[in-house]
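See below for the structure under consideration.
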Amino acid sequence: MARAFTQPIAETALVRMTYDEWQAWYDKEAGNWGEWVRGEVIPFMPPLLSHGDIVNFLNRLIGNYSDVYGLGRVYVEAAELWWPDSEAARVPDVCFVSNEHTDRRTARRLEGYADLVVEVISRDSVSRDRRQKLTEYQTAGIPEYWIVDPRPRRQTVEIYLLDEHGRYQELARERSGRLRSRVLPGFWIDPSWLWQDPLPGPYQLIAQNMADPPEPLP
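So the sequence shown is residues 193 to 410, counted in the numbering used here.
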């Protein structure tokens with residue numbers, strides 16, 4: 193019989209649970225929010241408002257672009273990525289699943305990898321996002337991984353693409369400073385958008401900068 197975990201876990205604590213216990217414990221609204229990795233729960237600290245603003249902006253920007261061109265579906269801080277070989281259940285800030293991979297979506301989770309994952313670094317996630325998840329997502333075969341670092345005096349966006357050997361290579365910026373997605377045909381982002389206050393409107397950015405229909409990738 194599974195144990196009952198009814199109280200939020202301290203932010204610095206690692207509590208051992210089975211996967212089923214973690215599923216029963218997880219309740220973001222109640223403060224039970226974290227990821228399950230090899231039998232341990234990694235709890236999340238409440239993010240800063242600026243973190244949430246950037247996550248919501250990217251969700252709307254990528255989601256609206258995907259909707260306009262019928263590319264797939266976007267999930268924000270809600271989709272569990274599950275691949276049994278890694279013994280991990282991750283909950284990324286934003287992830288995109290293309291129409292070609294709808295079979296990976298179930299009512300409960302994404303079974304297999306997403307096509308694109310975005311992690312926005314928070315106070316407690318620097319090592320997790322830059323090292324642990326980069327290695328896990330590479331091993332899982334996630335084609336495109338974004339790391340957004342909004343911390344003062346950093347403010348960077350890095351995009352990693354899988355090469356032919358299954359290794360991540362960082363995408364070089366164009367001369368204009370843009371970063372162009374490989375998973376989302378025709379989509380690009382200017383990292384400076386993320387540091388504006390207030391953030392620009394996603395619909396306006398799409399209409400002004402990405403109005404031409406995307407061409408299929410080779």
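No residue lacks a Cβ here, since even glycine has one placed at the ideal position from N, Cα and C.
Put simply, of V349, G333 and Y218 the residue whose alpha carbon is nearest the alpha carbon of R370 is V349. Take the alpha-carbon of S373 and the one of G304: they are about 21 Å apart.
For the 8 Å CB-CB criterion, M237 and D316 form a contact.
When C-beta atoms of the segment 290-302 are compared with those of the segment 335-355, fewer than three pairs fall below 8 Å, so the two segments do not count as touching.
Sequence-distant Cβ neighbours of W387 in its own chain, meaning closer than 6 Å and more than five residues away, are Q347. In the structure shown, L308 falls within a strand segment according to DSSP collapsed to helix, strand and coil. Secondary structure at V266: strand, using DSSP grouped into helix, strand and coil. About 14 Å separates the beta carbons of E366 and L353, which is beyond the 8 Å limit, so they are not a contact pair. Burial check for G264: the Cβ neighbour count within 10 Å reaches 16 or more, so the residue is buried. Beyond the five residues adjoining it in sequence on each side, V289 comes within less than 7 Å, by CB distance, of G264, R265, R296, R297, L302, A306 and D307 in the same chain, given in chain order.
Boundaries of the beta strand (DSSP E) harbouring T348: T348 to L354, taken from the DSSP string. Y337: not part of any alpha helix (DSSP H); member of the beta strand (DSSP E) spanning E336 to D341, first to last residue. Note on geometry: alpha-carbon atoms of D321 and A399 lie some 32 Å from one another.
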